[in-house]
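A.B. asks: For the sequence shown, counting from 1, position 201 maps to 201 in UniProt numbering; every step adds exactly one. My questions will all concern the structure given below.
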Amino acid sequence: MMIISRHLLLFRRYGCKMIRALVSLMKTVDSKPEIKERTVLVKLLYYDDVTPEDYEPPYAENEAINIWNKNPLKIEVGNVNSKHFVLALKVKEDLHPCDDNNTKSGWDEMRFDNDFDTDGDGDFSDTQVQLSRRRFGYVLCTKPKNFKFILDSGATHHICNDEAIMRNLREVKKEDRLSVYSSGGKELSAERMGYIDLKNFSLNPVGLIPSMQFNVVSVGQLAKQGLMICCGNGQFSVYDMREGRIVGEGYLDNKLNEYVFRTLKWLPQAENLVEIPKNDTQKVNDEQQAQNVWLIDTGCAQHLVSDVTLLTNVRNDKRPFETAKGTIWSSHRGKFKAGKLVLNDVLYCKSVQDNLMSGPLLDKAGYRITFCGKTCTLVHKDGLEQRGVAIQDVSNNLYSLEEEEQKDNSISAQGDAKEAKRRRLE
1 MMIISRHLLL FRRYGCKMIR ALVSLMKTVD SKPEIKERTV LVKLLYYDDV TPEDYEPPYA
61 ENEAINIWNK NPLKIEVGNV NSKHFVLALK VKEDLHPCDD NNTKSGWDEM RFDNDFDTDG
121 DGDFSDTQVQ LSRRRFGYVL CTKPKNFKFI LDSGATHHIC NDEAIMRNLR EVKKEDRLSV
181 YSSGGKELSA ERMGYIDLKN FSLNPVGLIP SMQFNVVSVG QLAKQGLMIC CGNGQFSVYD
241 MREGRIVGEG YLDNKLNEYV FRTLKWLPQA ENLVEIPKND TQKVNDEQQA QNVWLIDTGC
301 AQHLVSDVTL LTNVRNDKRP FETAKGTIWS SHRGKFKAGK LVLNDVLYCK SVQDNLMSGP
361 LLDKAGYRIT FCGKTCTLVH KDGLEQRGVA IQDVSNNLYS LEEEEQKDNS ISAQGDAKEA
421 KRRRLE
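Here it is as structure tokens:
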């Protein structure tokens, strides 16, 4: 197993001491001819309320077999859907009798620190290796999957893709199921609802969609529940306005261009969430495209447009873009001006359903984004000048830039020039 930190050394050391004690205790078990192997399961409670405040789990990634091939214990790492470490110790029945000297020689080679005694040079003969393996069996160590949640103002509801971290899951009637749509227009439906309550992350209510590419926290849903969300300077905070306290915070991943939660504690009363009728949702999308409406999307890594004629200084740029369900590709990029907002490197994707203004890119450009109630304001750090206001659509929890903020759009995207550009690019 690869050693990745001193914390991992300590973790292994104490784990081996514990297993040595278990193996010693196996001598006291009555031998039965029909039993070829015994198994002891140990669960290490390193999560939720029993976790030390300063504990940072040193997760092991893989095993270096050449290091462990002379040891009586074989350690492997698996991807098991569990929130706790599970150690499975299997001991062959011919363990009895267990000689203390052989036990010690086996554990001499299992040392990880100076705390272990080192009698002799630790070399094994072939006979000793076979004897040790027969007496000690092996250990299987599994670890939980890591998870992260993204702050997304383009999501209508909170969505999780991992059933293992959810609680109180219940089926939702077909007519009441939540439906969300990816940037490419593909529908995903939440057939079950529940909540999440971990040490550093609590959220309610949450829809379960296993096919979702990532987990999202809906800005619009938080705002409807009385919270204020402030993004800027590479970080964000979630405030409970009624109690005047921070309930969540996170950071901007500069490589992936996404807002990631460090912690969130928000477990309000469960709400009866009703899905937006599909026809109404499509009608909203059609009206938005007809009016060239821009949505403020903190979960989008790039500025995206559904109409290439909205851009100036257009040039070819083919690159992939991951959505909630699958990957889409851009074909061109250009510049867009909406009122006092100037967006560079805007990508045109033919399959995109809406014009999306990336929150992370606005953050990198010096903007401060605040979601409070039904209003989203865009303020630039230079002079704290307000350069845009978006209003929440109560039917889908999304924030669209007000029409008056778009009146100064480029003339080159109008009239005959607009039609000519479309013919040239097609």
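Positions of the beta carbon are idealized from the N, C-alpha and C atoms, including for glycine. For clarity, every value in this text was computed on a predicted model and none was experimentally measured.
1. Cβ atoms of Asp363 and Gly232: under 7 Å apart, would you say?
2. Measure the C-alpha to C-alpha separation of Asp307 and Met193 and round it to an integer number of angstroms.
3. Should Tyr348 be labelled buried (16 or more other beta-carbon atoms within 10 Å of its own) or exposed?
4. Going by DSSP, what residues sit across from Asn316 in a beta bridge?
5. Taking DSSP as the reference, what is the three-state secondary structure of Gly207?
6. Please list the terminal residues of the continuous alpha helix (DSSP H) segment that includes Gln221.
7. With H, G and I counted as helix, E and B as strand and the rest as coil, what does DSSP make of Thr298?
8. Taking 7 Å as the threshold (C-beta atoms), are Ile159 and Ile229 in contact?
9. Straight-line CA distance for Pro205 to Ala390?
10. Which residues in the same chain as Ala290 place their Cβ atom closer than 8 Å to its Cβ, once the five residues preceding and following it in sequence are excluded?
11. In the DSSP output, what is Cys231 paired with across the bridge?
12. Note the first and the last residue of the continuous alpha helix (DSSP H) segment covering Leu362.
13. May I ask which residues mark the beginning and end of the beta strand (DSSP E) holding Gly154?
14. Is it buried or exposed, Val342, if we count other Cβ atoms within 10 angstroms and call 16 or more buried?
15. What do you get for Cys16, buried or exposed, if any count of 16 or more other CB atoms within 10 angstroms of its CB means buried?
16. Beta carbon of Ser182, beta carbon of Ala21: below 7 Å?
17. Who are the Cβ neighbours of Glu322 in its own chain at under 7 Å, not counting the five residues just before and after it?
18. Where does the unbroken beta strand (DSSP E) through Val260 begin, and where does it stop?
19. Any contact of the segment 241-258 with the segment 374-381, i.e. 3+ C-beta pairs under 8 Å?
20. With DSSP as the reference, label Phe176 as helix, strand or coil.
21. Please confirm whether Val216 and Gly326 have their CB atoms less than 7 Å apart.
22. In terms of alpha-carbon separation, which member of Leu178, Ile196 and Asn200 lies closest to Ala190?
23. Taking C-alpha atoms, which residue in Arg387, Asp240, Lys186 and Leu311 lies nearest to Ser351?
24. Buried or exposed: where does Trp294 fall if 16 or more other Cβ atoms within 10 Å of its Cβ makes it buried?
25. Does the Cβ of Ile246 have 16 or more other Cβ atoms within 10 Å, making it buried, or fewer, making it exposed?
26. Between Gly339 and Thr312, which are expected to be in contact by the criterion C-beta below 8 Å, what is the C-beta distance as a whole number of angstroms?
27. Thinking C-beta only, is Tyr399 closer than 7 Å to Ser153?
28. Have a look at Gln225 and Ile328 and give me their C-alpha separation to the nearest angstrom.
29. Run through DSSP, which three-state label would Val305 get?
30. First and last residue of the beta strand (DSSP E) that includes Arg387?
31. Which class does Glu249 belong to by DSSP, given the choice of helix, strand or coil?
32. Check each candidate in Arg315, His303, Lys174 and Arg368 and name the one with the smallest Cα separation from Gln353.
33. So Ala155 packs on Gln392, CB below 8 Å; how close in whole Å?
34. On a Cα-Cα basis, can you pick out the residue from Gly220, Arg170, Leu151 and Leu169 that is closest to Phe201?
35. Thinking just about the alpha-carbon of each residue, which of Ser330, Gly388 and Phe336 is nearest to the one in Thr309?
36. Using 7 Å as the threshold, is the C-beta distance between Leu356 and Asp297 below it?
C.D. replies: According to the structure data:
1. yes
2. 36 Å
3. buried
4. His332
5. strand
6. Val219 to Lys224
7. coil
8. no
9. 25 Å
10. Note that Ala290 scores 42 on pLDDT, short of 50, meaning its location in the model is unreliable and no value can be drawn from it.
11. Phe236 and Ile369
12. Gly359 to Lys364
13. Run containing Gly154: none; DSSP gives neither H nor E here.
14. exposed
15. buried
16. no
17. Gln213
18. Glu258 to Trp266
19. no
20. Rather than Phe, the amino acid found at residue 176 in this sequence is Asp. Note: Asp176 maps to helix in three-state DSSP.
21. no
22. Leu178
23. Lys186
24. buried
25. exposed
26. About 15 Å separates the two Cβ atoms, so there is no contact after all.
27. yes
28. 33 Å
29. strand
30. Glu385 to Asp393
31. strand
32. His303
33. 13 Å between Cβ atoms; not a contact.
34. Leu151
35. Phe336
36. yes
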